[in-house]
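Accompanying notes for the structure given below.
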Amino acid sequence: MDLPPGCMVSEKQCQKVCKLKKSLYGLKQSPKAWFGRFTKSMRVFGYRQSNSDHTLFLKKQHGKITALIVYVDDMVVTGNDPKKRKALQNYLSREFEMKYLGPLKYFLGIEVFRSSEGIFLSQRKYVLDLLQETRMSGCQLVNTPIEEGLKLCVEPNQVSTDKGRYQRLVGRLMYLAHTRPDLAYALSVVSQYMHNPGEEHMNAVIRILRYLKNAPGKGILFAKNVKHQSIEVYTDADWVGTVDDRRSTSGYFTFVGGNLVTWKSKKQNVVARSSAEAEFRGMALGLCEALWLRLLLQDLGYLSRQPIRLFCDNKVACDIAHNPVQHDRTKHVEVDRFFIKEKLDDKIVELPKIRSEDQLVDILTKAVSSQVFSKFLDKLGMCDIYAPT
Numbered sequence: 001m002d003l004p005p006g007c008m009v010s011e012k013q014c015q016k017v018c019k020l021k022k023s024l025y026g027l028k029q030s031p032k033a034w035f036g037r038f039t040k041s042m043r044v045f046g047y048r049q050s051n052s053d054h055t056l057f058l059k060k061q062h063g064k065i066t067a068l069i070v071y072v073d074d075m076v077v078t079g080n081d082p083k084k085r086k087a088l089q090n091y092l093s094r095e096f097e098m099k100y101l102g103p104l105k106y107f108l109g110i111e112v113f114r115s116s117e118g119i120f121l122s123q124r125k126y127v128l129d130l131l132q133e134t135r136m137s138g139c140q141l142v143n144t145p146i147e148e149g150l151k152l153c154v155e156p157n158q159v160s161t162d163k164g165r166y167q168r169l170v171g172r173l174m175y176l177a178h179t180r181p182d183l184a185y186a187l188s189v190v191s192q193y194m195h196n197p198g199e200e201h202m203n204a205v206i207r208i209l210r211y212l213k214n215a216p217g218k219g220i221l222f223a224k225n226v227k228h229q230s231i232e233v234y235t236d237a238d239w240v241g242t243v244d245d246r247r248s249t250s251g252y253f254t255f256v257g258g259n260l261v262t263w264k265s266k267k268q269n270v271v272a273r274s275s276a277e278a279e280f281r282g283m284a285l286g287l288c289e290a291l292w293l294r295l296l297l298q299d300l301g302y303l304s305r306q307p308i309r310l311f312c313d314n315k316v317a318c319d320i321a322h323n324p325v326q327h328d329r330t331k332h333v334e335v336d337r338f339f340i341k342e343k344l345d346d347k348i349v350e351l352p353k354i355r356s357e358d359q360l361v362d363i364l365t366k367a368v369s370s371q372v373f374s375k376f377l378d379k380l381g382m383c384d385i386y387a388p389t
């Protein structure tokens, strides 16, 4: 590092630098050094770092399990052994300067509410603060975050807008994707134009704020007393849906025990030559997520004997997955085809039939009507406990 201000050295030593013996706060190496120090302390106390998520630490003993997950220096401790939880808290307090905040109610901007029905996650305060800062508290309400059938693109003679404001708004909204799958598709669309936003793109961002005003407390309910830990995945793709480059949009929802746990809406990296190819890429993306969840559940002590249920409404893609013969239109995506076929042969995954009108992932791949949008949100377990009844 450069010599700190006020350091008394000779003229010959002015061009020299210091070699650090210990990491300092604010340097780019500091986070890695801190996490290495924390990991070492956890291992000394008998905790194992999960292979599925390196920020998760586990300890199993006599049929009991204690888990800790960390984000920088914020931690959540849980488990079914109160004595082990207390022992971990005491140990960490001796190792580091820490403050115990009690039962989990607020974590990284996410509000946690417990009831007889389960655990509810939302970011209501974050939304209300955002609406206040953007002066959108008195805006007109809309029922969907993106207008039905809207296809954004970069126009040759588009009206320019405030690029800095656009980027700040989209960045603030992206943080809501942690608990708001209803925003995933709209945010994936507007975030593609950060480099060159126009007036139409800004209007799309403002519409998301108007939608948030309609239901600021909407979030996800994790129902309790689940009788199974089976994994279900819904995957879909909107073929050549992007106007600018004709790439397809993939999406998936994953459920564990009937509760929604992960989701993604993402533009594919290459142009698909057929809808079956686009669906294959989407299926492979969703299946990889489900396999990761399966490993994570095994780490937590839940060994599911049931195959992963992967729902795809493209019959051609499902038929080729079961029988991956050579086809001119799909031979260049054989890696994804044989990856899915291998899991089918090993009974790790199965492909139940699903009707197109029951495909939940439509709201992650295209701009649907308010009726379809509302119906699928109910099936996802999204609700607003703060809404008047």
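Going by full-length UniProt numbering, the residue at position 255 of the sequence shown is 255; the numbering climbs one at a time, nothing skipped. Every residue, glycine too, gets a C-beta built ideally from N, C-alpha and C.
Determine the DSSP secondary structure at ARG48, reduced to helix, strand or coil. Three-state DSSP puts ARG48 in a strand.
Rank PRO352, TYR47, ILE69 and GLY63 by C-alpha distance to the C-alpha of LEU56 and give the top, closest one. ILE69
Does the Cβ-Cβ distance between SER115 and THR179 come in under 8 Å? no
Would you mind giving the Cβ-Cβ distance between TRP239 and SER275, rounded to the nearest angstrom? I have them listed as a contact below 8 Å. 4 Å
For the alpha helix (DSSP H) containing MET202, name the first residue and the last one. 199 to 214
For ALA184 and ILE363, I'd like the C-alpha separation in whole angstroms. 9 Å
Around the Cβ of ARG168, are there at least 16 other Cβ atoms within 10 angstroms (buried) or fewer (exposed)? exposed
Provide the residue span of the beta strand (DSSP E) that contains ARG309, from first to last. 308 to 311 is the span of the beta strand (DSSP E), which, as asked, contains ARG309.
Reducing DSSP to helix, strand and coil, say where TRP292 ends up. helix
Does ASP245 pass the burial test, meaning 16 or more other C-beta atoms within 10 Å, or should it be called exposed? Around the C-beta of ASP245, fewer than 16 other C-beta atoms lie within 10 Å, and the residue is accordingly described as exposed.
ALA33 to VAL77, Cα distance in whole Å? 22 Å
Take CYS18 and list the residues in its own chain whose beta-carbon comes closer than 7 Å to its own, dropping the five residues that flank it on each side. MET1 and LEU3
Alpha carbon to alpha carbon, how far is SER52 from LYS59? 15 Å
Please return the same chain residues whose Cβ sits closer than 8 Å to the Cβ of ASN143, not counting the five positions on each side in sequence. TYR211, ASN214, SER370, PHE373 and SER374
Starting from MET75 and walking both ways along the alpha helix (DSSP H), at which residues does that stretch end? Where MET75 is concerned, there is no enclosing alpha helix (DSSP H), although the beta strand (DSSP E) it sits in stretches over 74 to 79.
Looking at GLY282: is its Cβ nearer than 8 Å to the Cβ of LEU310? no
Endpoints, alpha helix (DSSP H) assigned at THR365: 362 to 365
Hey, how far is the Cα of PRO82 from the Cα of LYS125? 31 Å
Taking the beta carbon of PHE338 as the centre, do at least 16 other beta carbons fall within 10 Å, making it buried, or is it exposed? exposed
Does the contact criterion of 3 or more C-beta pairs under 8 Å hold for the region 224 to 239 versus the region 297 to 313? Contact between the region 224 to 239 and the region 297 to 313 is present, with at least three C-beta pairs closer than 8 Å.
If we count the other Cβ atoms within 10 Å of its Cβ and call it buried at 16 or more, is TYR252 buried or exposed? Burial check for TYR252: the Cβ neighbour count within 10 Å reaches 16 or more, so the residue is buried.
Paired residues, beta bridge with PHE113 - DSSP: Looking at the DSSP assignment, PHE113 forms a beta bridge with PHE120.
Rank LYS353, GLU117, ASN314 and GLY149 by C-alpha distance to the C-alpha of ALA186 and give the top, closest one. GLY149
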